[in-house]
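Enquirer:
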Amino acid sequence: MLLAWRTIGNIQLSEQWQLTNISTGNLYRITHTIDGKPSGTLRAAIGQEVESIIFDRRLIGYRSGVLEGQLFNIPDGIPSRRIAIQRLDSLPVNWTVKIEELIDLATELPLSIDDIEDLRIELNAKAAASDVAALSATTATALSGKSPAIHQHEIADINGLAIALDEKVESTDLAASEQLILAQVAQKSSIGHSHAIADTTGLQASLDAKADKTELPKLSTTPPSNPTAGTIWSELLSSNRVETWIYINSKWQTLSTYRFDFPSKDSFGNGFYSLFLPLDHRYDYLFIELSTYCDYNGSSPINGTTDFFNVVIWVTSDATVNVVADTGALPNSELKKVVTINTIFSPTDKEFLEHRVLKTGSAPGVRIASFLTYRLIRK
7 MLLAWRTIGN IQLSEQWQLT NISTGNLYRI THTIDGKPSG TLRAAIGQEV
57 ESIIFDRRLI GYRSGVLEGQ LFNIPDGIPS RRIAIQRLDS LPVNWTVKIE
107 ELIDLATELP LSIDDIEDLR IELNAKAAAS DVAALSATTA TALSGKSPAI
157 HQHEIADING LAIALDEKVE STDLAASEQL ILAQVAQKSS IGHSHAIADT
207 TGLQASLDAK ADKTELPKLS TTPPSNPTAG TIWSELLSSN RVETWIYINS
257 KWQTLSTYRF DFPSKDSFGN GFYSLFLPLD HRYDYLFIEL STYCDYNGSS
307 PINGTTDFFN VVIWVTSDAT VNVVADTGAL PNSELKKVVT INTIFSPTDK
357 EFLEHRVLKT GSAPGVRIAS FLTYRLIRK
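Using the working numbering, the first residue of the sequence shown is number 7, and each one after it goes up by one.
1. Check for me: the beta strand (DSSP E) holding residue 329 runs from which residue to which?
2. Quick check: the Cα distance between residue 327 and residue 12, rounded to an integer number of angstroms?
3. Check this for me: beta carbons of residue 209 and residue 283, under 8 Å apart or not?
4. Kindly indicate which residue of 106, 323 and 243 has the alpha-carbon position closest to the one of residue 225.
5. Taking all protein chains shown into account, decide if residue 18 is buried (16 or more other Cβ within 10 angstroms of its Cβ) or exposed.
6. At what residues does the beta strand (DSSP E) containing residue 106 begin and finish?
7. Kindly indicate which three-state DSSP category residue 126 falls into: helix, strand or coil?
8. Within 10 angstroms of its Cβ, does residue 166 collect 16 or more other Cβ (buried), or is it exposed?
9. Using a Cβ-Cβ cut-off of 6 Å (strictly less than) and excluding sequence neighbours within five positions of residue 222, which residues of its own chain qualify?
10. Enumerate, from N- to C-terminal direction, the unbroken beta strand (DSSP E) stretches of 3 or more residues contained entirely within the region 249 to 276.
11. Am I right that residue 15 and residue 95 are in contact with their C-beta atoms under 8 Å? What's the rounded C-beta distance?
12. Is it a yes or a no for the region 361 to 368 touching the region 302 to 321, going by three-plus beta-carbon pairs under 8 Å?
13. When the distance is taken between beta carbons, is residue 93 closer than 8 Å to residue 67?
14. What are the residues that DSSP puts in a beta bridge with residue 51?
15. For residue 200, count neighbouring Cβ atoms within 10 angstroms of its own Cβ and tell me buried if that reaches 16, exposed if not.
16. With a threshold of 8 Å on Cβ separation, who are the neighbours of residue 395 within its own chain once the five nearest residues in sequence on each side are excluded?
17. Give the DSSP bridge partners of residue 210, in chain order.
18. For residue 61, which residues in the same chain have their Cβ closer than 7 Å to its Cβ, ignoring the five residues on either side in sequence?
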């Protein structure tokens with residue numbers, strides 16, 4: 007076994023998921039780089055990606071000068087996948103990570119030049135054999151007219167040397183100069199000296215504006231005061247339950263992502279069927295994605311224009327309807343469709359969530375199941 011690290015991604019983190027090259031390994035090394043000093047905590051999420059599905063997610067933070075290790079076991083039956091990473095904070099610094107996987111050269115060989123870090127750069131910096139031969143002949147011709155390595159010159163042979171020497175201080179003047187320098191040094195502070203807070207302009211005012219560390223409890227029933235982007239707070243609920251929140255865009259939202267599941271039904275009264283779920287009006291809802299899977303059966307036509315099914319998610323009441331997501335026509339059997347939402351809804355105490363499957367034309371029998379991912383936001 008001959009182990010080595012292979013780079014699979016150099017990624018500047020953003021709020022969107024970004025993917026590495028295809029990877030078959032399990033152990034990864036992560037190197038962090040930033041271009042400034044952040045005013046808060048840098049946070050990111052990392053996980054595995056297969057077919058646009060991000061799973062096995064976990065949190066990471068910026069670690070200066072530390073090589074971070076992550077273990078992602080590849081799922082059974084999947085030969086390869088990518089590593090996905092997403093930035094969670096909004097601090098104004100650029101954050102770049104290099105992700106490397108541990109490989110066994112005994113099984114991964116042969117490797118291409120580009121698979122070995124910096125090898126192509128090193129090779130491009132070297133001279134070709136034909137260039138070296140031509141250079142040897144040119145060098146021999148040039149050296150034939152040069153002086154021996156050991157030879158002497160007069161002062162007058164060197165342009166400007168006599169003038170430069172005339173401008174130098176005589177050795178007898180150095181003693182007087184030394185006394186002047188020592189007198190100046192005696193008036194300066196030593197290298198190892200200290201200052202009080204009052205000696206630094208504005209330091210006391212800056213310290214007074216900072217939050218005391220006791221104001222940021224790890225576990226409490228009330229939010230921390232003066233939070234910054236990326237601050238994480240664990241709320242102690244009744245019956246010793248805990249909900250973890252993260253401060254993003256001046257709001258507290260749940261660190262975990264939740265989902266509503268909508269199972270398949272067979273009957274379509276009046277050309278549709280609906281499933282309803284209540285909403286907690288004490289919170290806003292950040293709806294993230296609607297994932298829908300359909301399986302047609304029967305011989306009726308499916309054309310996506312006059313004969314098809316589609317799925318719509320509404321936040322609705324008896325008086326209002328707000329569309330959250332619409333898959334549009336689902337024209338093919340065994341189709342999975344993901345609709346990105348990333349929109350915040352603030353339900354009233356009379357609104358609820360409706361998942362409606364609509365049938366258009368003479369579409370055949372179908373099994374359609376969906377799930378909607380979301381996060382809660384404190385009002």
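The C-beta atom is built at its ideal place from N, Cα and C for all residues, glycine as well.
Expert: If we stick to the structure as given:
1. 327 to 332
2. 52 Å
3. no
4. 243
5. exposed
6. 101 to 110
7. helix
8. exposed
9. Only weak support is given to the placement of residue 222: the predicted model assigns it a pLDDT of 49, under 50, and the question is left unresolved by the model.
10. Fully enclosed beta strand (DSSP E) runs of no fewer than 3 residues occupy 257 to 260 and 264 to 268 of the region 249 to 276, in order along the chain.
11. Not really, about 20 Å apart at Cβ, beyond 8 Å.
12. yes
13. no
14. 65 and 92
15. exposed
16. It is not possible to answer for residue 395, since the shown part of the chain is limited to 7 through 385.
17. Answer by DSSP bridge pairing: none, since residue 210 is not bridged.
18. 53 and 54
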